[in-house]
Structures are given as structure tokens and as C-alpha cells.
Amino acid sequence: MARIEFPPAFRWGASTASYQIEGGWREDEKGESIWDRFSHTPGRIKNGDTGDIACDSYHRFEDDIALLQEMNLSSYRFSIAWPRIQPSGRGKANSKGLDYYGRLTDALLGAGIRPFPTLYHWDLPQALEDAGGWPHRDTAGRFTDYAEIMISALGDRISDWIIFNEPAVFTALGYYLGTHAPGRSSLEDLLRASHTVNLAQGQAFAAMKATRSDSFIGTAHSMSSCEPAGDKEADLQAAERWHGLSNLLFLEPALNGKYPDIFPDGPPLDEMGFQDGDMEQIRAPMDFVGINLYSRTRVTAQSGGPLNIGAVPVPVENDDSSSITDIGWEVWPDALYDMLMRITNDYDRPIIEVTENGCAYNDSPDHQGVIQDSRRTRFFQGYLEAVARAISDGADVRGYHAWSLLDNFEWAEGYGQRFGLSWVDFKTGQRTLKESGRWYGTLAAENGFST
Ligand code: FCB
8 MARIEFPPAF
18 RWGASTASYQ
28 IEGGWREDEK
38 GESIWDRFSH
48 TPGRIKNGDT
58 GDIACDSYHR
68 FEDDIALLQE
78 MNLSSYRFSI
88 AWPRIQPSGR
98 GKANSKGLDY
108 YGRLTDALLG
118 AGIRPFPTLY
128 HWDLPQALED
138 AGGWPHRDTA
148 GRFTDYAEIM
158 ISALGDRISD
168 WIIFNEPAVF
178 TALGYYLGTH
188 APGRSSLEDL
198 LRASHTVNLA
208 QGQAFAAMKA
218 TRSDSFIGTA
228 HSMSSCEPAG
238 DKEADLQAAE
248 RWHGLSNLLF
258 LEPALNGKYP
268 DIFPDGPPLD
278 EMGFQDGDME
288 QIRAPMDFVG
298 INLYSRTRVT
308 AQSGGPLNIG
318 AVPVPVENDD
328 SSSITDIGWE
338 VWPDALYDML
348 MRITNDYDRP
358 IIEVTENGCA
368 YNDSPDHQGV
378 IQDSRRTRFF
388 QGYLEAVARA
398 ISDGADVRGY
408 HAWSLLDNFE
418 WAEGYGQRFG
428 LSWVDFKTGQ
438 RTLKESGRWY
448 GTLAAENGFS
458 T
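This note's numbering puts the first residue of the sequence shown at 8, with every later residue one more than the last.
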């Protein structure tokens, strides 16, 4: 038996996102978001599911906090729905929206839990999408106004903030692949959206620091270790380019003031709508790097490929079915170790927060109402062993947030994929801690576990 230990002040947490849990989609003057519109469009979401009610956390956030307490957690990553604050994405703040997040924040602080909000976890006000969405440069300014509203309203009680959730994912799936809101499929839109989001990130960071210089601000990046699919040198180089595209497109510009060096003829600045002086606004000395990680990516060299970088990911080939979660993602704990070390080595040992990591297993309550999800516990053991190893090898990881506190609306998958440490009965809204949640609670109390 081995004992895995974590540093004394390590933070144990769980994550959620507004559209995935809140419901109350048009309560208290909330405006429509692109996810409201997308999920109400027939054929977009499996089973016709929507986030109209979801886990009803808009009314039940106290139940959510009780679960965090039951698991001895000290950090809660949630997100703020922009259209609750500015229903049309611009103008005066809606006091009822501010009041909801104020009450949530106070209740967390009262329970001794760090509120760790994300400003943007994908629910853009529909009115801004109608005006052009993320490909439209003006959206960066609108987002910065919203970030200022939030830090002015809650900066006295919240010090730690996440600007964006997974910018590489919401730009690619929303504007290029069309599988997420707003469902557009255009390379030009993807390039412009990527640049606007980089601008928004830099501008919001500067504005927030101007209001509260002592705040601790970063972004939660989707990351996946990129491995060559074959043993050829060309595959190795392709994997490096894919790493630059998928992991660094919103990190390298902020930290080093340039787009990743992966394009054969340099970054397509004209197509991105780049203007003189933009990099000065994009560059931002982030206080931490947030990492969301689920698995690895295997990459092969192929001429062309997305953005012409000569690299494409290849599908998972894993004969061991116990290594595949119910959503089809591969269990590969070394991916987390590899990314933590890569970011540590390449960016001069930044502070890192693991902002998401978890798995979909659809185990349901047994006849006694117990949710025996031992595969989820094993998943966490494997990935947490990888985190502990990275810390002992020099990574400055300060916290870990399991995705997710609750089973919830899993985007285009609807309610069919359950990622929660807690089971949610979507008919009644009732929450029950799963066995993995009990295990996670003991780990948090002891700051370590035995394998
Ligand atoms: C991430 C998202 C999060 C959740 C997990 C499973 O890409 O940030 O909202 O859906 O995947």
C-alpha cells in the first residue's frame, strides 16, 4: 500500500457551470443566451434536452453548498451567467442577477469555502450573437465591461477569478464544427472568434486588475497531452504543432505576447482581423494557469489539416474497454502528469490550478439508493496520483477541482452523460452523494489517500 500526500495548503474543490446546473432560464429578467437558443432548436441536443431546469441550482444552491461541506471541500468553481447580469450583453447591470451571485458568494464564505467563479462558461447573451458574436471584434469590449461590473460588485468578497472556460473548445465547437452553440461552421468565424477572445482576455485582465490589483486571475484552458501516433519524426513534429494549436492558442499570446509558432507561413493575422497594437492588449501576466484535462490526444502528420498545420488527431485505439468512460473518452492519467510538467517547464513554473478533471459513468442508485461508482473512484485515484507526482517533480499546483459536483446538462449530450460526484434525480432535483463523493470527501479531509 502506498500513501499519496498533498502539500499542506492544497485546495480540494469541485466545479460546475451556470448553464449546466442553474435552470431558471428566464427568471428575474435574465436574458436569452446562445445555449438557450441552441437547445431550443430541434435536433441540436440529444433527446431534445435543454437547460431550462437542469439541476435547479438557481433555487437550490444551498443544497449544492451542503454537498461541498459534506465532502470537506474548500473551493467551489462555479460560473456566472452573463445574461443574468446584462440581459442583452450591454448596459446597466440587472440587480437581481447580481443579487443571486452575491447570495451564493456569501453562503460559500459562510461555509468556509473559496468562491472561484468563471466569468464566461459559454453562455453568451443571444443579443450579442445577433450582433456578430465572438467573431465580431466589438464583443471583446462588451465582455470587458461585464468583467468590470462583476469585479466591482463582488471584488470585496471574491479574490480569485477565472476569465474564460476552455476558449479553444467554445470557439472551435461553436464557430467551426457547429456542434455547440451558436452552431456556426466557418473557418473565417473561427479565426476571428479566436482573436476576439484573446483580446477580450487581455482587456478584461487589465480592467479587473485596475479595479482590484490584489485579485488572482487566470483562465481555465482545455488541455490534452499530444503524443505522436507513430514513431516517425513527422508525427512527432505534428504532435508539437497540435499541442500549440489545441493547448496554447490562448496561453502563449497572454504570457509571451505572440501566437504559437505552428503555422507554416506565420499566423493568419489578416484573416483573424488583427490590428496594430493588438498584441500589447492581449499580453497579460496571468496569476495562474487553469488546466482542464480529461485525456490524451494522439496525432499524426497529414498534409493540410485544420488551419493547414499538417497535423490531425487520430481516434482512440484502446482494446481495454475498462479504459474507456461511458462518453467514450480514454482514461489516461499520465496525460495530466505530462501537461502539468510541460506547462511547468515551458512557462517558468507558473502557479497552476487544476480547474476540471473527471469522468462520465452512468451508474444509477441500487435498491438501497446507494450509487456504487467504483470506476469513478479509480479514475480519480489514477489522476490524483499523477498530480502528486507532478508536484513532487516541481509543478506548483495549488488546487484540484473535480468535474463535477453534480450530474448535469452535458452540452450536446444532454442529460445522458453523468459526470457528478453527486447523483441528481432530474425529475425531483434531489441530490445524493455517490460512493466516489464519499471517497473524495475522505481524501479532502486527510489531504491524501492510500492506494
Ligand atoms: C469540459 C467543459 C465542462 C464539461 C466537461 C465534461 O470541456 O468545460 O463544462 O462539460 O467538459
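A virtual CB, placed ideally from N, CA and C, is assigned to each residue, including glycine.
Judged by DSSP secondary structure, Ile359 falls within the beta strand (DSSP E) whose first and last residues are 358-363. With a cutoff of 6 Å, Glu69 does not count as near the ligand FCB, since its C-beta is closer than that to no heavy atom of the ligand.
Of the candidates Ala402, Tyr407, Pro372, Tyr407 places its Cα closest to the Cα of Gln388.
Classified as exposed, Leu116 has fewer than 16 neighbouring CB atoms from the shown chains inside 10 Å of its CB.
Counted as a single uninterrupted DSSP element, the stretch harbouring Phe270 is not any alpha helix (DSSP H), since DSSP gives it neither H nor E. Closest in C-alpha terms to Gly421, from the list Pro14, Phe386, Gln27, comes Gln27. By the criterion of at least three beta-carbon pairs nearer than 8 Å, the segment 95-103 is not in contact with the segment 57-69. With distances taken between CA atoms, Gly181 lies nearest to Ser201 out of Val306, Tyr153, Ser201. Rounded to whole angstroms, the separation of the alpha carbons of Pro90 and Lys434 is 26 Å.
Counting along the chain, Asn352 sits inside the alpha helix (DSSP H) bounded by residues 341-353.
Annotation: Ser253 is outside any beta strand (DSSP E); the continuous alpha helix (DSSP H) that includes it extends over 240-255. Using a Cβ distance threshold of 7 Å, Trp446 and Thr362 do not count as a contacting pair.
In the DSSP assignment, Asp196 falls within the unbroken alpha helix (DSSP H) covering 194-218.
The Cβ-Cβ distance between Phe85 and Pro124 falls below 7 Å. Short note on Asn369: C-beta not closer than 6 Å to any heavy atom of the ligand FCB. Proximity of the beta carbon of Glu29 to the ligand FCB is not indicated: no heavy atom of the ligand is located closer than 6 Å. With a threshold of 6 Å, the Cβ atom of Asn364 does not count as near the ligand FCB, since no heavy atom of the ligand is closer than that. Taking 7 Å as the cut-off, the beta carbon of Asp414 is found closer than this to the beta carbon of Val431. In this structure, the beta-carbon distance from Trp42 to Asp106 does not fall below 7 Å. Less than 7 Å divides the Cβ of Glu337 from the Cβ of Ser302.
Boundaries of the beta strand (DSSP E) around Gly297: 295-308. For Val377, there is no enclosing beta strand (DSSP E), as DSSP marks it with neither H nor E.
Beta-bridge annotation (DSSP): Cys233 is paired with Thr304.
Around the C-beta of Gly140, 16 or more other C-beta atoms lie within 10 Å, and the residue is accordingly described as buried. The alpha carbon of Ala21 has as its nearest neighbour, out of Gly455, Pro14, Gly444, the alpha carbon of Gly444.
Taking the C-beta atoms as reference points, Ile170 is found no nearer than 7 Å to Gln210.
Judged by DSSP in its simplified three-state form, Asn415 adopts coil rather than helix or strand. Contact between the segment 241-252 and the segment 181-196 is not established, with fewer than three Cβ pairs separated by less than 8 Å.
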